[in-house]
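Residue numbers (our numbering), protein chains in the order written: chain A, 3 to 347; chain B, 3 to 347; chain C, 3 to 347.
We treat Cβ as the ideally placed atom computed from N, Cα and C, and that holds for glycine.
Note that the structure is predicted; figures quoted are calculated from it, not measured.
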Amino acid sequence: MRSIKASEIAALCQGRLSGPDLELKGLSGLKEARPGFLSFLSNPKYAVALPETKASCIIVPLGTEVKDKTLIECKDPYLGFAKAAQLFFRESNPKPEPGIHPAAVVSDSAEIDPSATVGPYAVIENGAEIGPRTIVMGPSFIGARAKIGSDCLIYPNVSIREECLLGSGVIIHCGAVVGSDGFGYAREGAKYVKIPQTGNVILEDEVEIGANSTIDRGALGPTLIKRGTKLDNLVHIAHNVVIGEDGAIAALSGIAGSTIIGDRLIMGGKVGVIGHLEIGDDVICLAYSGVTKSTPSRTMLYGNPGRPHMRGKRIDAAVDLLPEKLKVIHDLEKRVAELEEKLKT
Amino acid sequence: MRSIKASEIAALCQGRLSGPDLELKGLSGLKEARPGFLSFLSNPKYAVALPETKASCIIVPLGTEVKDKTLIECKDPYLGFAKAAQLFFRESNPKPEPGIHPAAVVSDSAEIDPSATVGPYAVIENGAEIGPRTIVMGPSFIGARAKIGSDCLIYPNVSIREECLLGSGVIIHCGAVVGSDGFGYAREGAKYVKIPQTGNVILEDEVEIGANSTIDRGALGPTLIKRGTKLDNLVHIAHNVVIGEDGAIAALSGIAGSTIIGDRLIMGGKVGVIGHLEIGDDVICLAYSGVTKSTPSRTMLYGNPGRPHMRGKRIDAAVDLLPEKLKVIHDLEKRVAELEEKLKT
Amino acid sequence: MRSIKASEIAALCQGRLSGPDLELKGLSGLKEARPGFLSFLSNPKYAVALPETKASCIIVPLGTEVKDKTLIECKDPYLGFAKAAQLFFRESNPKPEPGIHPAAVVSDSAEIDPSATVGPYAVIENGAEIGPRTIVMGPSFIGARAKIGSDCLIYPNVSIREECLLGSGVIIHCGAVVGSDGFGYAREGAKYVKIPQTGNVILEDEVEIGANSTIDRGALGPTLIKRGTKLDNLVHIAHNVVIGEDGAIAALSGIAGSTIIGDRLIMGGKVGVIGHLEIGDDVICLAYSGVTKSTPSRTMLYGNPGRPHMRGKRIDAAVDLLPEKLKVIHDLEKRVAELEEKLKT
């Protein structure tokens, strides 16, 4: 890996460089960094580690002073760290050679861009399209007529079923499933009659799907995840759900069928959302919440059933006092009975 | 895809046809349908879309009138829709050619029915059996002596471990695991000593297992899911669980070891059931419930810990009032103290 | 499979043999056992099955008497059963032949021990190492420079990403993912900027990872699961989590990023733990708990938010009484108002 100059990183982060313009070998935490390495400080509570760090260069908040170090002062040092990390990562992880591995089964009617890479034991079915610079690692499965845009990264053991559409810059982590059948049945007496799920899944540009997450195809029409939304691992998205742009959903959460969610959703881990709801923009669901009602924009939900955050926390606090309050109630009953008795006489 | 006559669909749905017996090209929602297409109305709240729809033929509830349309009146239009959708789906998705893909590794001692299809990068081990018209898509793994009946559909990236038995018409979605080891250990001091899980999994006819769901094999004897039961995605079934016929379990639910459940279970999403319980027939567990006790037939459970539905809802309503009621208690304490003071004097 | 002498099993279990030293053909439950088979009694509530069992030899608690049977009396019959089961299992499941299946893609720079087995459709990338007697079943993926120790068992459809380190005796069940990217982003306006996850995952000796579980790699530095810890299915471990030795985590649980947990953790199913906590040794989290605070050693947590077990149960009991107590409060309000009225006059 080539070294990267501190000035190159400062330019990337729109930061102000002070001190010598060193060649930096890599990026580490403040405690772990060795001489020649870049580190960063974003959370002020870690500032205590600054005097001890062996890092030669540090991305710091504006106005931070550290003796004998090259500093890159940034308005948002965490964002600066992210961009520097991307640069180091690209340098140390060159793209694989383009081309189709001989041990891949690619349909004659599939269209693989010459700049794409298809790994061993990938299966690519009839009419599928793989865009420029996209990497499909094997073993994996790309179904018939699925279309994958440019600069995507499909990790091993992924299944993308027929007709699904992925934009550009989409990342699908190991074991994830895109386009599995929605869970839809009619009943004939006690028996379930399967409703063929004939829709698809659309993942817009820059969507990222975590390991072993599952996105069901629509019953009729698509399940849609819009630009820039990120899903963590083991997340379930049911048929015909729509999720807006720039959302983030943490692990083990699930959204039931046909729920429509706006932009910039933030969902903690293990959240459940029932079906057929409408959720506005800029909604935050704290970890472990259960969302049972349609929710207007700019709401923070907490608890199960999910309530506005402050109300939920107040209810939690009240429940916490309940055992003692039951004693108070018991005591009050006695005292009121005594008072009633006294007033009778 | 060939067109299908309205009369053929009416016969399939046991519906009454009125209007011209059109050739229909496909099936869509009322809003999305183009001329020449079939649509359906089952939820009366969507009846407002009837006058505007471009569909040429509509499956409707008995007695519905729509001008200038071919109608198929059905007692259960949703069931009619399901059956029509299955017919269109079969017509537009012909079965793949039978045969074993050259890039599949099939043990000499495995028995593959000549009408079955085995896809690329499928691994089929010693003594496994694949029944008539069953499709095993690759990459996937079928372990030694596993037996898969007729007309099954095994999607890519599925693992079916040794000795597991699948009936006919079983569907296993992408990434699901059938027959993983149950989570069983003895302790020797602090250390866990693994108990080999020597049972298997039995999935009866028409069972469907959702994407990335996991069904553990029994410790001794089988884990059993009976005829017609459907599992959604990311569901976990532990060792030696028994689930009756015609059940449905929504995503991210889990059932702990050795719990026995009757027929026609309905389980919402994110439900947990602890181990060694007995659950009767026709039990409904609403989404997000925690089932902690054995439960008689015909019970609807809600909440965590799960309580009979009406009780659970009443407790929720009471908890909702709690912050205000704590103020009332506080106020009562003061007023009772004042009364006591007054009566002293 | 060869028979095993009762005396061999008694020695293995450090048990006392009484009765004829029979050749035993296998191991079954008390009810299912046929003549010639070994069975066991550990839970005294199953002692009623003893007089009826057809088993020829039984592992029993010290001092148990059963007429006409060969007995192996053990201090811990469940542990004895585990060890006997392991012996029978090894006898009936001989290790596969060592060697690399011709249908596996192994990088020239990978080092595969000659005693290891690599199955069909395994992909093993640059610089990966597979230790002695380890079995990698295919289809599966072992990333660049990943190192897998001796006597490991990697089931099909597993993904182990680059740089991850597995000790000896590690078992990874079907569909599990080791080393997926942690869920880490900085924000630039509304957009998420991905932070490359450049750490890895370290699984120490005897760790077991359940089917379709996901262990994310660290952002910087490792995610670490220490010796002997066992994970059930569909468990999520986020980046930079540390879990101590000899822990057990049941299905559908999740631990958020950077949480540090001590030794001998016991976690029931569907538990959630938020990020950046410190959890001591010997902590027990009962099923369905939500852990929201750092927790000292030797704590048993229950409920959501998780509270010390006895407190959690007491709160549950109080909540259970709440609807009736609200009536009492309502009644008290009336009675106090009447008393106040009386005292006014």
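- Task: Could you check which residue in C:303, C:21 and C:323 has the C-alpha nearest to that of residue 70 of chain C?
- Result: C:21
- Message: Could you compute how far the alpha carbon of residue 222 of chain A sits from the alpha carbon of residue 36 of chain B?
- Response: 14 Å
- Name the DSSP beta bridge partners of residue 48 of chain A, please? DSSP lists no partner for residue 48 of chain A.
- Item | Simplified DSSP assignment, three categories, for residue 98 of chain B | coil
- Query: DSSP three-state call for residue 79 of chain B: helix, strand or coil?
  - Reply: helix
- Give a yes or no on whether 9 Å exceeds the smallest Cβ distance from residue 196 of chain B to chain C. yes
- Item | Assumed close pair residue 324 of chain C, residue 330 of chain B - CB separation to whole angstroms, cut-off 8 Å | Between residue 330 of chain B and residue 324 of chain C the Cβ distance is about 13 Å, and since that is not below 8 Å, they are no contact.
- Answer with yes or no whether the minimum CB distance from residue 317 of chain A to chain B is below 9 Å. At least one chain B Cβ lies under 9 Å of residue 317 of chain A.
- Query: Apart from the five residues on each side of it in sequence, which residues of its chain come closer than 6 Å, Cβ to Cβ, to residue 124 of chain B?
  - Reply: 106, 138, 140 and 142
- Query: Taking residue 12 of chain C as the reference, which of C:60, C:228 and C:53 has the closest Cα?
  - Reply: C:60
- For the region 17-38 of chain B, enumerate the residues whose C-beta is nearer than 9 Å to any C-beta of chain A, in chain order. Shown in chain order are the members of the region 17-38 of chain B whose Cβ falls below 9 Å from a Cβ of chain A: 28, 29, 30, 31 and 34.
- Item | Burial state of residue 225 of chain B, where buried means 16 or more other Cβ atoms lie within 10 Å | Result: buried.
- Determine the direct distance from the alpha carbon of residue 64 of chain A to that of residue 53 of chain A, and round the result to whole angstroms. 17 Å
- Query: From residue 253 of chain C to residue 98 of chain B, what does the alpha carbon distance come to, in whole angstroms?
  - Reply: Rounded to the nearest angstrom, the gap between the Cα atoms of residue 253 of chain C and residue 98 of chain B is 37 Å.
- Item | Selection of the region 162-192 of chain B by Cβ proximity to chain A, strictly under 7 Å | Listed by position, the residues of the region 162-192 of chain B near chain A (Cβ gap below 7 Å) are 175, 176 and 177.
- Item | Residues in the region 86-120 of chain C having any Cβ partner in chain A nearer than 7 Å | 107
- Cβ atoms of residue 213 of chain B and residue 232 of chain B: under 9 Å apart, would you say? no
- Message: I need the DSSP call for residue 238 of chain B, collapsed to helix, strand or coil.
- Response: strand
- Straight-line Cα distance separating residue 145 of chain B from residue 182 of chain A: Computed Cα separation, rounded: 23 Å.
- Interfacial residues, the region 70-84 of chain B to chain A, with Cβ spacing under 9 Å: 78, 80, 81, 82, 83 and 84
- Message: Against residue 234 of chain C, what residues of chain B qualify as contacts under a CB-to-CB distance less than 7 Å, listed in chain order?
- Response: Within chain B, the residues near residue 234 of chain C are 185.
- At a CB-CB cut-off below 7 Å, which residues of chain A make contact with residue 1 of chain B? Because chain B here runs from 3 to 347, residue 1 of chain B falls outside it and cannot be looked at.
- Could you spell out where the alpha helix (DSSP H) holding residue 40 of chain A opens and where it closes? Element bounds for residue 40 of chain A: not the alpha helix (DSSP H) but the beta strand (DSSP E), 40-42.
- chain C contacts from the region 275-309 of chain A (Cβ-Cβ distance under 7 Å): 289 and 290
- Item | Residue environment, residue 198 of chain C, which counts as buried when at least 16 other CB atoms sit within 10 Å | buried
- What first and last residue would you give for the alpha helix (DSSP H) that runs through residue 139 of chain A? For residue 139 of chain A, no alpha helix (DSSP H) encloses it, and the DSSP letter there is neither H nor E.
- Whole-angstrom distance between residue 293 of chain C and residue 281 of chain B, CA atom to CA atom: 29 Å
- Would the region 173-182 of chain A and the region 206-220 of chain A be scored as touching if the rule is three or more Cβ pairs under 8 Å? In short, these stretches touch, since the Cβ pair count reaches three.
- Boundaries of the beta strand (DSSP E) in which residue 190 of chain B is found, first to last residue: 187-190
- Does any CB atom of chain B fall closer than 9 Å to the CB of residue 68 of chain A? no
- Query: Residues of chain D with CB under 8 Å from residue 345 of chain C, in chain order?
  - Reply: Here the protein chains are A, B and C, and chain D is not one of them.
- Name the chain A residues whose beta carbon is nearer than 8 Å to that of residue 149 of chain C? Near residue 149 of chain C there are no residues of chain A at all, since even the closest Cβ is about 18 Å away, more than 8 Å.
- Starting from residue 195 of chain A, follow its DSSP beta bridges and name the residues at the other end. Residue 195 of chain A is bridged to A:188.
- Answer yes if the region 146-163 of chain B comes into contact with the region 44-53 of chain C, meaning at least three C-beta pairs across the two stretches below 8 Å, and no otherwise. no
- Message: For a contact defined as C-beta to C-beta under 9 Å, what are the partners of residue 334 of chain B on chain C?
- Response: The contacting residues are 331, 334, 335 and 338.
- When you check each C-beta in the region 242-272 of chain C against every C-beta of chain B, which residues fall closer than 7 Å? Those residues of the region 242-272 of chain C that come within reach of chain B (Cβ to Cβ, closer than 7 Å) are 248, 250, 252, 253, 254, 266, 271 and 272.
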